[in-house]
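Colleague:
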Amino acid sequence: MRVLRIRLAIALVSMSTIGLELALMRALSLRFWSHFACMVIGVALLGFGASGTMLSLLRSKILGRPDRWMWPLTLSFALSVLVVPRAAQLVPLNVRFLAWNPGQVVYVLLVELLMFVPFFLAGAVVGIALMDQPDRISGHYAANLIGSGLGAALIVLAMYHLTTGQLFTALAAGGYVAAALLVPWGRPRAAVWPVLAAGVIVLLAWLAPWEPALSQYKTLSYLKSFPGTKTIFRAEGPLGRIDVVEGPAVRQEAAVSFGYEKELPPGVVLVLDGEQASPVYQWSRAEDWAFMDYATQAVAFHVCRERPRVLVVGAGGGTDIGLALYHRSAGVVALEMNPQVIAAMTGPLRERGGNIYLADSVEVINQEARGYLATTDRRFDVIQVPPIGAFGASGAGLYATRESYLYTVESFETMLDHLSEDGVLCVTRWGWTPPRDELRAFHMLAEALRRRGLGPATRLAMIRYFTTPNPTVTILAFKRALTPHQTRNLRTFCEDRNFGRCWLPDLAPTEVNEFHELPRPYYFEAATELLGPGRDAYLSVYPFEITAVTDDRPYFFQTFRWRALPMLARQARGRGPAHLPLGYLMSVVAVGQGILVAAALILLPLVVRIQSLRSARRRAAVFAYFLALGLGFMLLEMSFLQKLILYLSHPIYSATAVIASFLMFSGLGS
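Remember, the working numbering sits 51 above the position in the sequence shown when you count from 1.
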């Protein structure tokens with residue numbers, strides 16, 4: 052009976068531990084800008100490693116009375132799950148200031164050390180169990196791994212029904228039940244009171260759950276700072292938290308030209324994870340979307356056939372669907388990966404959004420672009436790829452370490468294959484000076500056309516608009532070479548709306564940099580070089596990394612180059628726009644600190660036992676064996692984590708599938 056209780060407790064602790072990893076990823080993504088998956092996983096492994104060092108140092112004491120150690124450590128783990136996220140929120144870490152303020156590095160370390168605590172305690176509980184009699188160890192280990200695998204699967208299901216704060220309380224409850232299974236209820240009686248007190252704390256935490264605070268620099272924080280702003284709808288899920296806000300001063304206007312002089316329709320703002328904002332407009336007829344014809348992506352409808360068949364990648368608040376309806380499209384297929392956005396737009400926001408998702412000829416599909424195109428043979432006259440990711444976060448480089456299988460050459464090839472013979476692929480990105488990922492998109496579209504045996508110089512066009520709060524650059528890739536009629540329409544479209552022409556097959560140098568002048572005609576110069584014989588030389592000297600991205604290395608947003616670091620450092624000291632990717636910098640800081648923490652908490656404490664370790668038999672072979680086994684396991688796991696994003700469409704789904712399957716099958720092997 053005792054063995055069964057221990058194994059059930061191990062399974063519960065392991066389930067809560069893996070669930071805690073994914074919950075921390077969600078909480079950090081909500082507070083900051085992206086999933087800190089590698090950082091959380093690294094801290095978790097450091098915690099388990101340090102617990103092993105602690106058990107090695109206290110081995111003789113623990114083996115004498117293991118039960119006396121297990122339940123207090125388990126109870127401490129349960130309480131730490133509640134305390135750590137609240138304490139970490141008090142650390143004034145601001146990822147945006149990481150390149151400017153060296154003190155932020157200390158705050159990163161504090162957050163890591165706080166997250167370290169519950170994993171250290173969980174590792175100690177599991178480690179003590181594995182110090183049991185040899186014939187029981189395989190069963191204990193199986194309980195550990197199978198519980199961990201179940202935790203990875205169950206936490207994602209829980210994300211559909213619980214808020215982020217409630218997730219932590221549920222995980223703490225799992226640890227509490229494990230402690231209750233291990234506590235000796237009969238003797239000593241003094242053990243009963245701490246357990247009962249902890250139960251009251253968990254209950255109170257459930258009744259008054261903690262809510263993650265957003266960075267003051269996130270879009271939602273900015274919108275809610277306006278007087279009279281209120282949240283009219285909120286939902287949470289594995290793909291993020293949705294907040295819909297309205298107020299007298301709240302407007303998230305579409306990136307349209309100032310040439311549109313009429314009032315925009317009334318609306319609200321839908322915000323994902325506090326940052327990526329999408330306006331939701333009220334409308335009753337297609338003409339209400341006339342303002343969207345003054346956005347750069349509207350150019351696709353001025354150079355395509357009448358009543359086109361349209362594919363929109365990322366429906367969001369429905370503005371690109373409205374643009375297609377305004378141009379009397381024959382049919383619109385809109386892809387939206389987040390099912391909760393669809394539920395919101397067809398439910399609570401149905402009237403405010405004018406039933407845009409339910410309009411005639413509109414078909415909204417809950418699928419990612421690569422997955423959808425791999426399973427359909429439909430052809431489209433226009434494929435719209437709106438800018439993915441928030442403007443501010445993109446500019447700060449907070450997506451630098453995030454994989455994206457939408458922005459790869461193979462993805463663009465697939466989209467070209469699903470165009471009609473007269474079709475056009477329209478990709479819109481945020482505009483920067485000097486340009487970076489928008490030029491990378493241009494180069495990748497050119498490469499996709501080359502791979503399909505189509506000359507890019509006569510099949511590409513690029514325009515820009517730089518005076519809106521969110522400047523945009525739109526690139527068009529045609530299945531056929533542009534005709535004189537299409538180039539005339541494109542020129543007229545730009546002149547009427549004050550859009551800059553960056554590239555056309557017959558564009559003259561005198562036609563560029565006319566509207567919203569830049570210090571140099573960056574876009575025209577880059578397009579000329581990227582389509583000419585000297586593109587390799589140009590790519591090698593350009594200050595940002597704009598080479599074509601493929602499925603093998605799907606880091607479209609990673610444009611940083613180390614050789615530009617001195618220049619960026621000088622800009623940072625001058626408080627200028629240092630284009631240092633903060634997501635990349637965050638990873639570098641976390642790796643460096645992880646090495647130091649591992650040395651301080653795992654290796655250094657073992658110095659006191661160096662003599663006994665030297666006397667151990669085959670110590671080098673044992674050390675090398677487990678080092679290689681752990682390294683191979685993690686490298687394989689991380690490779691699958693990245694690759695499965697292509698098939699499962701999101702990092703949280705990939706992490707769940709990989710972690711659950713790896714651990715559960717390892718447990719069965721035990």
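Positions of the beta carbon are idealized from the N, C-alpha and C atoms, including for glycine.
#1: Could you tell me whether the Cβ of D557 comes closer than 8 Å to any Cβ of chain B?
#2: Ordered along the chain, which non-local residues of its own chain (more than five positions away) have a Cβ less than 6 Å from that of D473?
#3: Could you give the distance in angstroms between the alpha-carbon of L505 and the alpha-carbon of E576?
#4: Starting from M396, follow the alpha helix (DSSP H) in both directions and report where the run begins and ends.
#5: Leaving out five residues before and five after N549 in sequence, what residues of the same chain have Cβ atoms less than 7 Å from its Cβ?
#6: If you compare alpha carbons, which of I416, A249, R336, W340 is closest to G365?
#7: Going by C-alpha to C-alpha distance, which of V475, K694, H494 sits closest to V460?
#8: Quick one: complete alpha helix (DSSP H) runs, 4+ long, within the region 84 to 123?
#9: DSSP on Y456, reduced to helix/strand/coil?
#10: Can P438 and T397 be called in contact, C-beta distance under 8 Å?
#11: In chain order, what are the residue ranges of uninterrupted alpha helix (DSSP H) at least 4 long that sit wholly in the region 223 to 311?
#12: How would you write the range of the beta strand (DSSP E) that F691 sits in, first residue to last?
#13: Quick one: Cα of A649 to Cα of A101, how far?
#14: For my contact list, L527 and V301 are in at a C-beta cut-off of 8 Å; report their separation, rounded to the angstrom.
#15: Contact defined as beta carbons within less than 8 Å: I believe R491 pairs with F677. What is the distance between those atoms, to the nearest angstrom?
#16: Between the C-alpha atoms of S272 and A508, what's the straight-line distance to the nearest angstrom?
#17: Could you check whether G288 and M66 sit closer than 8 Å to each other, using their CB atoms as the reference points?
#18: Compare the Cα-Cα distances from L222 to each of W257, L196, A193 and report the closest residue.
#19: Flag this pair as yes or no: are the beta carbons of P299 and Q140 separated by less than 8 Å?
#20: May I ask which residues mark the beginning and end of the beta strand (DSSP E) holding P584?
#21: Here's the rule I'm using: 16 or more other beta-carbon atoms within 10 Å means buried, otherwise exposed. How should Q184 be labelled?
#22: Check G506 in the structure and name its three-state DSSP category.
#23: Along the alpha helix (DSSP H) that carries E355, what are the first and last residues, could you check?
#24: Enumerate in chain order the residues of its own chain whose CB-to-CB distance from A209 is below 7 Å, with the five nearest sequence positions on each side excluded.
#25: Do you know offhand how far T598's Cα is from L590's?
#26: Would DSSP call M513 helix, strand or coil?
#27: Verify whether the separation of the beta carbon atoms of M166 and L75 is less than 8 Å.
Modeller: Short version:
#1: Considering every chain present, this structure includes no chain B. It has just one protein chain.
#2: R356
#3: 22 Å
#4: 390 to 397
#5: S308, G310, F566
#6: I416
#7: H494
#8: 88 to 108, 110 to 115
#9: coil
#10: no
#11: 243 to 258, 270 to 275
#12: No beta strand (DSSP E) contains F691, which is instead part of the alpha helix (DSSP H) from 670 to 699.
#13: 8 Å
#14: Contact doesn't hold; Cβ gap of about 33 Å is too wide.
#15: Contact flag wrong, Cβ pair sits at about 42 Å.
#16: 44 Å
#17: no
#18: W257
#19: no
#20: No beta strand (DSSP E) holds P584; DSSP gives it neither H nor E.
#21: exposed
#22: coil
#23: This sequence places Cys at residue 355; Glu is not what is there. Counting along the chain, C355 falls outside any alpha helix (DSSP H), and DSSP gives it neither H nor E.
#24: L218, A221
#25: 6 Å
#26: strand
#27: yes
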